[in-house]
Amino acid sequence: MSSSGDDTSAITGFFFYVFIVHPATFWILKPGRFERKKSIMYAIGFLATLAAIKTGLEMHEKGPNHYALLGVTRSSNPLEIKRAYKKLSLQLHPDKNPNNPNASEEFDQVKKAYDTIMDLEFREVYNKFGMEGVNSNKRFSESQFFMELGVFYITWGMMAYMLTLGKKSGEARQWTFTGMIVMLVLEITLMTSTDNVIPEWLFPTATEAEAVWLLHSLFPAFMNGCRSLGAYLYVDLDAQARQLLLALQEQNKDILLVLRDVQIGVQSINMNSANGNSGPRIPIAPGGGTGGITVGSVGKGPLPRATPTGKIRELQDRLQASNTNVTQAVQQLKSDGQKSSNMGFYAMILGYVAFSYIFNK
Numbered sequence: 000m001s002s003s004g005d006d007t008s009a010i011t012g013f014f015f016y017v018f019i020v021h022p023a024t025f026w027i028l029k030p031g032r033f034e035r036k037k038s039i040m041y042a043i044g045f046l047a048t049l050a051a052i053k054t055g056l057e058m059h060e061k062g063p064n065h066y067a068l069l070g071v072t073r074s075s076n077p078l079e080i081k082r083a084y085k086k087l088s089l090q091l092h093p094d095k096n097p098n099n100p101n102a103s104e105e106f107d108q109v110k111k112a113y114d115t116i117m118d119l120e121f122r123e124v125y126n127k128f129g130m131e132g133v134n135s136n137k138r139f140s141e142s143q144f145f146m147e148l149g150v151f152y153i154t155w156g157m158m159a160y161m162l163t164l165g166k167k168s169g170e171a172r173q174w175t176f177t178g179m180i181v182m183l184v185l186e187i188t189l190m191t192s193t194d195n196v197i198p199e200w201l202f203p204t205a206t207e208a209e210a211v212w213l214l215h216s217l218f219p220a221f222m223n224g225c226r227s228l229g230a231y232l233y234v235d236l237d238a239q240a241r242q243l244l245l246a247l248q249e250q251n252k253d254i255l256l257v258l259r260d261v262q263i264g265v266q267s268i269n270m271n272s273a274n275g276n277s278g279p280r281i282p283i284a285p286g287g288g289t290g291g292i293t294v295g296s297v298g299k300g301p302l303p304r305a306t307p308t309g310k311i312r313e314l315q316d317r318l319q320a321s322n323t324n325v326t327q328a329v330q331q332l333k334s335d336g337q338k339s340s341n342m343g344f345y346a347m348i349l350g351y352v353a354f355s356y357i358f359n360k
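Heads up: the sequence shown at position 41 corresponds to 40 in numbering that gives the first Met the number 0, and the numbers run straight through without jumps.
Shown next as structure tokens:
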């Protein structure tokens with residue numbers, strides 16, 4: 000597992016990405032600044048370049064591992080390692096490099112690398128836990144490994160959850176936790192396998208400890224990339240539905256106003272016809288409305304027929320019912336949008352504080 004120094008580096012990287020890189024990425028992805036495809040490409044390129052530079056600087060600061068320092072591979076046998084050490088010790092011996100002030104330090108590093116990987120027990124510890132594991136005489140324990148694994152992933156999982164709260168971050172949260180699951184599977188595979196699962200033809204000197212460190216180092220960049228792109232690509236379907244329903248409601252109101260004007264016009268024509276006692280009369284139902292039909296004498300006379308004002312009234316009633324349904328749907332969407340609570344956020348903060356207190360006590 001990662002050492003305390005690596006954990007400190009990961010936390011530093013986390014704050015670097017959250018407070019510096021994320022705002023810069025948000026600036027790139029601001030709507031209207033670039034075309035949509037270009038914005039996504041620029042943001043991905045910016046995040047990848049920054050992550051590569053940062054990780055490269057950290058790897059350079061760590062220096063080569065023992066295999067790379069001696070110029071051997073992980074599968075090299077003791078004889079090959081001994082030959083490589085002999086050659087390097089002759090080249091780097093302080094007596095042969097009097098003008099090099101770092102000759103003694105470089106020679107000691109080579110000697111330390113040789114002593115570590117020549118001892119089979121130390122070599123296995125170095126591959127799994129790095130030089131700090133060798134210095135602390137660490138041994139692989141399944142219970143301790145899974146305890147440390149749980150502390151790391153629960154802590155980062157809580158951080159990722161708090162940073163991706165809200166409707167806009169739903170996709171980002173899913174991507175982040177998917178990446179964490181993949182990373183967890185890779186780490187368990189690397190640390191519990193008895194053989195080296197890293198392809199030697201591609202990374203001949205890489206160790207499991209370095210692979211785990213690289214995963215932990217790149218995770219903050221991955222998480223903040225998911226946050227930025229997830230928020231940018233988010234489409235609020237509820238807001239779109241709310242706008243559509245509001246537009247439909249306004250349209251229904253306009254239609255109702257027009258129908259009301261038509262009905263008033265029809266009533267005026269009927270009244271004029273009645274007063275002038277000439278021209279056809281359009282039947283109107285009692286109460287100023289229409290019954291929709293007029294009926295002749297019982298048992299004889301013309302069959303029931305629809306009237307214009309009756310049809311207008313019928314259409315008006317239907318539109319009013321539709322308008323009521325639309326209004327209820329809009330109110331439901333508004334109430335659903337206002338039900339979001341901060342209780343989950345506060346609960347996660349309290350849980351994180353309690354979790355940190357228990358394990359750091």
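Don't be surprised by glycine CBs; every beta carbon is placed ideally from N, CA and C. Note that this is a predicted model, so its numbers are computed, not measured.
Whole runs of the alpha helix (DSSP H) within the segment 139-177, excluding any shorter than 4 residues: 141-162
Proximity winner among Glu-34, Asn-223, Val-211, relative to Leu-189 (alpha-carbon distances): Val-211
Chain-order list of residues whose beta-carbon lies under 6 Å from that of Ala-67 (same chain, five-residue window excluded): Thr-204
Distance CB(Leu-78)-CB(Ala-112) smaller than 8 Å: no
Three-state secondary structure assigned by DSSP to Pro-30: strand
Buried/exposed call for Gly-62, threshold 16 Cβ in 10 Å: By the C-beta density criterion, Gly-62 is exposed, having fewer than 16 other C-beta atoms within 10 angstroms.
Three-state class that DSSP yields for Tyr-66 in the structure shown: helix
Burial state of Met-222 (16 or more Cβ within 10 Å): buried
Distance, Leu-244 Cα to Met-270 Cα: 39 Å
Rounded straight-line distance, which links the Cα of Ser-272 to that of Leu-258: When the Cα atoms are used, Leu-258 and Ser-272 turn out to be separated by approximately 21 Å.
Burial state of His-59 (16 or more Cβ within 10 Å): exposed
DSSP three-state assignment for Ile-197, whether helix, strand or coil: coil
Short Cβ contact (8 Å threshold) for Thr-154 with Val-133: no
Span separating the alpha-carbon of Ser-339 from that of Lys-166: Reliability fails at Ser-339, whose pLDDT of 44 lies under 50, so the model's placement of it is uncertain and the value that follows must be treated cautiously. For Ser-339 and Lys-166, the distance between alpha carbons rounds to 9 Å.
Expected contact under 8 Å - CB spacing of Lys-127 and Glu-207 to nearest Å: 5 Å
Length of the line joining the Cα atoms of Gln-337 and Pro-22: With a pLDDT of 47 at Gln-337, under the threshold of 50, the predicted position of this residue should be treated as unreliable, though the coordinate-derived value follows. Between Gln-337 and Pro-22, the C-alpha separation is close to 27 Å.
Residue of Thr-11, Glu-209, Met-179 minimising C-alpha distance to Asn-195: Sorting Thr-11, Glu-209, Met-179 by C-alpha distance to the C-alpha of Asn-195 places Glu-209 at the top.
Cβ-based neighbour list, Arg-226, same chain, cut-off 7 Å, excluding 5 preceding and 5 following: Hits under 7 Å: His-21, Leu-162, Thr-163, Ser-168, Ala-171.
Where Pro-100 falls, given that 16 or more other Cβ within 10 Å makes a residue buried: exposed
Inter-residue Cα distance where the pair is Met-146 and Ser-140: 10 Å
The segment 225-239 in contact with the segment 31-43 per 3-pair CB rule at 8 Å: yes
Distance, Leu-217 Cα to Leu-49 Cα: 11 Å
Nearest-angstrom Cα separation, counted from Lys-95 out to Val-109: 15 Å
Beta-carbon spacing of Leu-213, Met-182 below 8 Å: no
Residue span of the alpha helix (DSSP H) that contains Val-211, given as start and end: 207-232
DSSP state of Val-184 mapped onto helix, strand, coil: Val-184: helix per DSSP, three-state reduction.
Nearest residue (CA-CA) to Met-157, options Gln-239, Thr-175, Gln-143, Phe-144: Thr-175
CB contact flag (Ser-38, Ile-52, <8 Å): no
Residues near Leu-232 in its chain [Cβ-Cβ closer than 7 Å; skip 5 each side]: Glu-170
N-terminal and C-terminal residue of the alpha helix (DSSP H) that Asp-114 is part of: Run containing Asp-114: 102-117, per the alpha helix (DSSP H) assignment.
N- and C-terminal bounds of the alpha helix (DSSP H) containing Tyr-84: 77-91
First and last residue of the uninterrupted alpha helix (DSSP H) at Thr-54: 35-61
Simplified DSSP assignment, three categories, for Gly-12: helix
Nearest-angstrom Cα separation, counted from Leu-148 out to Phe-14: 21 Å
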